[in-house]
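Single-structure report; data block below.
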Amino acid sequence: MGTISSKNQDSSSNGLRHAAGDGVLYVSLKMENPKIASDLIPHVFGSLPIIGSWDSSKALSMQRESASMWELSFIVPPNHETLDFKFLLKPKSSGEPCVEEEGPNRLLTGGSLEGDARNALFRTGGADEEALEYRVFIKADIVSPFDLAASWRAYQENLKPSTVRGIPDVSINSTPETEFEVGSLELDLEHYVVPAPASACSGAVYAANLTETPRYLRSGIFSKGDASSSSHGSSKGNVLSAEHVAPRKDIEVIVPDHSKVFSASGMVESKSVSTFSQLQKQDGQRGLFVDRGVGSPRLVKSASASAFPNDLKLDTEEKKAMPAAAGAVQAAAIADRMHGPKEDRKLAIVLVGLPARGKTFTAAKLTRYLRWLGHETKHFNVGKYRRLKHGTNQSADFFRADNPEGLEARNEVAALAMDDMLSWMQEGGQVGIFDATNSSKTRRNMLMKMAEGNCKIIFLETICNDVSIIERNIRLKIQQSPDYAEQPDFEAGLEDFKTRLANYEKAYEPVEEGSYIKMIDMASGQGGQIQVNNISGYLPGRIVFFLVNTHLTPRPILLTRHGESRDNVRGRIGGDAALSEAGEVYAKKLANFVEKRLKFEKTASIWTSTLQRTILTASPIVGFPKIQWRALEEINAGVCDGMSYEEIRKNMPEEYESRKKDKLRYRYPRGESYLDVIQRLEPVIIELERQRAPVVVISHQAVLRALYAYFADKPLIEIPHIEVPLHTIIEIQMGVTGVQEKRYKLMD
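According to my numbering, the residues represented by the sequence shown are 257 to 1004, in order.
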């Protein structure tokens, strides 16, 4: 069926008020047919002079928008409330008769379509001949004269009209419409490597070393008498257990610098890669998980939920806990503060699993994702606490379940880490990632008791049965872990760790209690499953959706801006300008670079925005699928589109100063902010995580700043200031060792 849409609908008339003072009626007509007839050109004719006054010889031709889509847009004069029209197919040769669509005329009254939208049906021959059927899209908007003038100005200043119309959204081996001379790069690719910024991706660093440092330190190390009770638990006896948690004796509190803390926020659909454990509604559960499409579940208030408040009053703590985010993330955060108990506003993701199962890697990726979305998130690694308090020379016997001293020492540091996390949450933290084996019910009961009334706990259990992956992880552990930094004999370290692993396996108790997520054989990205129990709400749902799409397969992701455009030369923002001469040279060099760098990666793909400067930059690249993403388009500058920053400063000084003060949150009038860009890029991030082959992303400065910030784990506040120079490629290497970065500058 055809479709009709219109903006600015008036609820009283169910249509558009076509008043000259408010704007003019802008009509967009589209027809789609994958098996389009190459010798027949779609036209529109109807009751207005602009579309021929029912004279087929004066019908207005539609323009090809893609391989299967034709489009025509026009303005309806203010004195015409009614538009009567039909579609027409005209042969390329003038001597052939036109073919008029079957059925009654289509009628637009005040911008609303009268009757049902329908497909356009054409019969080019006799009654027995197969008819041509086109899907029809009709859109009507009231557009202000200001917007029309801005669009006309952008069109006039675009010296070279779009040359990419007709290129489908997904293509491969397409011949560029503009003929490019085959480019070449001198020497090998290493010749073009340039130093990455000092703040670039950290490379192959042991992930646990990047987690939170204990607050309670004396002279840089723990004092042995400093851990015997806690404000978040009760103390009974001398052995630390579920009833006995770490104390706060007279110890010095070192408060971290919150200006250096990353912030972030998020949303989820729970699903499985191969099998799926149904969400279980349990007693006391406050909502149901309702699917509204991929990545769009919501929490539906049940009869037992508290009544919706008449006004929203956030206390000081709630204001501090609000995420620095936009759109769906911010809306969900506000909703969470109006529904449910207070402790559910804080979330603790407690890792569970045997050593060498990828817990710390998973925790680090999840932390990075949540920070990027805008949730205040920290990663607490109990192993780091243990090493700081008890040193790095603990043998495998320390980890035996029947070693009471070792068990007490390990529970002690776990309680200290949990205590730190809860204290941080009281200061405004939102999501804590608690990274440890937590392999016994006793340990998990201790953590749940500490969290009671402070935060909601979700256990995240990682299970891996692939012997080759486990063996690889063990060897990486021996190479990178501080536990074996002073062990010169690799084989001796390997034997010790395998003994430690065996000690854990003897006493391991799988998670069966509370809310949990189980990741089973998910590391390879092929097969596996995720099971969930008692999971509901926006943020837990987003976490499940993210985890479903992550894996450890090594692959490079190449980020680059489009070649220099004509608007870059003129110093104007936005627009849809073609490439400058320098930009065309870069397109050739990039094609040669991709050919060399991905020579043996035949499953790689090229991603661009739908703007012609990125599509033209990708045009010389052959042999790889090219995919256009609307989400990869440059930040929408709204009414400032096509202007220079100097023009904005002179003509819109208040907007210029507002942007200067806070580039992250500043939203262009009728446009976007950086936070808006992050929200629309989340599906791109999820797909980049899911991909198992290399991806080349050719996009725009603001978009690449946001994507790079995700991989480099940059604070949100830094995103608008990240340097992404023209004609430079940033290679992000994804894999089990973390994220590593390399940069190539192909030309100045």
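Backbone N, C-alpha and C define an ideal beta-carbon position, used for all residues, glycine too.
{"Check": "Assigned exposure category for residue 329 - 16 Cβ within 10 Å defines buried", "Outcome": "exposed"}
{"Check": "Alpha-carbon spacing of residue 828 relative to residue 900, whole angstroms", "Outcome": "4 Å"}
{"Check": "Option nearest residue 904 by Cα separation, candidates 887, 885, 888 and 924", "Outcome": "924"}
{"Check": "The alpha helix (DSSP H) enclosing residue 905, as first and last residue numbers", "Outcome": "901-907"}
{"Check": "Buried or exposed by the 16-neighbour rule on C-beta atoms within 10 Å, applied to residue 313", "Outcome": "exposed"}
{"Check": "Cβ neighbours of residue 919 in the same chain (closer than 6 Å, five flanking residues each side left out)", "Outcome": "976"}
{"Check": "Rounded distance between the beta-carbons of residue 670 and residue 699, thought under 8 Å", "Outcome": "7 Å"}
{"Check": "Cα-Cα separation between residue 807 and residue 729, rounded to whole angstroms", "Outcome": "14 Å"}
{"Check": "Expected contact under 8 Å - CB spacing of residue 285 and residue 345 to nearest Å", "Outcome": "So it is not a contact: roughly 14 Å between Cβ atoms."}
{"Check": "Where residue 355 sits in the DSSP three-state scheme", "Outcome": "strand"}
{"Check": "Under 8 Å between C-beta atoms of residue 981 and residue 757", "Outcome": "no"}
{"Check": "Three-way DSSP call (helix, strand, coil) for residue 327 in this model", "Outcome": "strand"}
{"Check": "Span separating the alpha-carbon of residue 764 from that of residue 717", "Outcome": "12 Å"}
{"Check": "Identified DSSP bridge partners for residue 637", "Outcome": "691"}
{"Check": "N- and C-terminal bounds of the beta strand (DSSP E) containing residue 608", "Outcome": "603-608"}
{"Check": "Three or more C-beta pairs below 8 Å linking the region 718-726 and the region 608-626", "Outcome": "yes"}
{"Check": "Identity of the residue in 988, 885, 707 and 672 nearest residue 687 by Cα", "Outcome": "707"}
{"Check": "Buried or exposed (CB count within 10 angstroms, at least 16 for buried), residue 307", "Outcome": "buried"}
{"Check": "Close Cβ partners of residue 921 (< 7 Å) along its chain, the five nearest in sequence each way excluded", "Outcome": "929 and 931"}
{"Check": "Residue 317 - DSSP class collapsed to helix/strand/coil", "Outcome": "strand"}
{"Check": "Helix, strand or coil at residue 306 [DSSP, three-state]", "Outcome": "helix"}
{"Check": "Rounded separation between residue 343 and residue 326 - CA only", "Outcome": "11 Å"}
{"Check": "Cα-Cα separation between residue 702 and residue 469, rounded to whole angstroms", "Outcome": "22 Å"}
{"Check": "Buried versus exposed call for residue 377 [16 or more other C-beta atoms within 10 Å across all chains shown]", "Outcome": "exposed"}
{"Check": "Supposed contact pair residue 844 and residue 876 - C-beta distance, whole angstroms, cut 8 Å", "Outcome": "6 Å"}
{"Check": "C-beta atoms of residue 841 and residue 952 nearer than 8 Å", "Outcome": "no"}
{"Check": "8 Å contact criterion, which residue 893 and residue 934 should meet: CB distance rounded", "Outcome": "Residue 893 to residue 934, Cβ: 17 Å. No contact."}
{"Check": "Stretch-stretch touch, CB-based, cutoff 8 Å, three pairs: the region 941-949 with the region 847-863", "Outcome": "yes"}
{"Check": "Buried versus exposed, by CB contacts within 10 Å (16 or more), residue 987", "Outcome": "buried"}
{"Check": "Alpha carbon of residue 769 to alpha carbon of residue 696, nearest angstrom", "Outcome": "11 Å"}
{"Check": "Residue 764: first and last residue of the uninterrupted alpha helix (DSSP H) it sits in", "Outcome": "Per DSSP, residue 764 belongs to no alpha helix (DSSP H) and is neither H nor E."}
{"Check": "Nonlocal neighbours in the same chain, by C-beta distance under 6 Å from residue 778, ignoring five residues either side", "Outcome": "784"}
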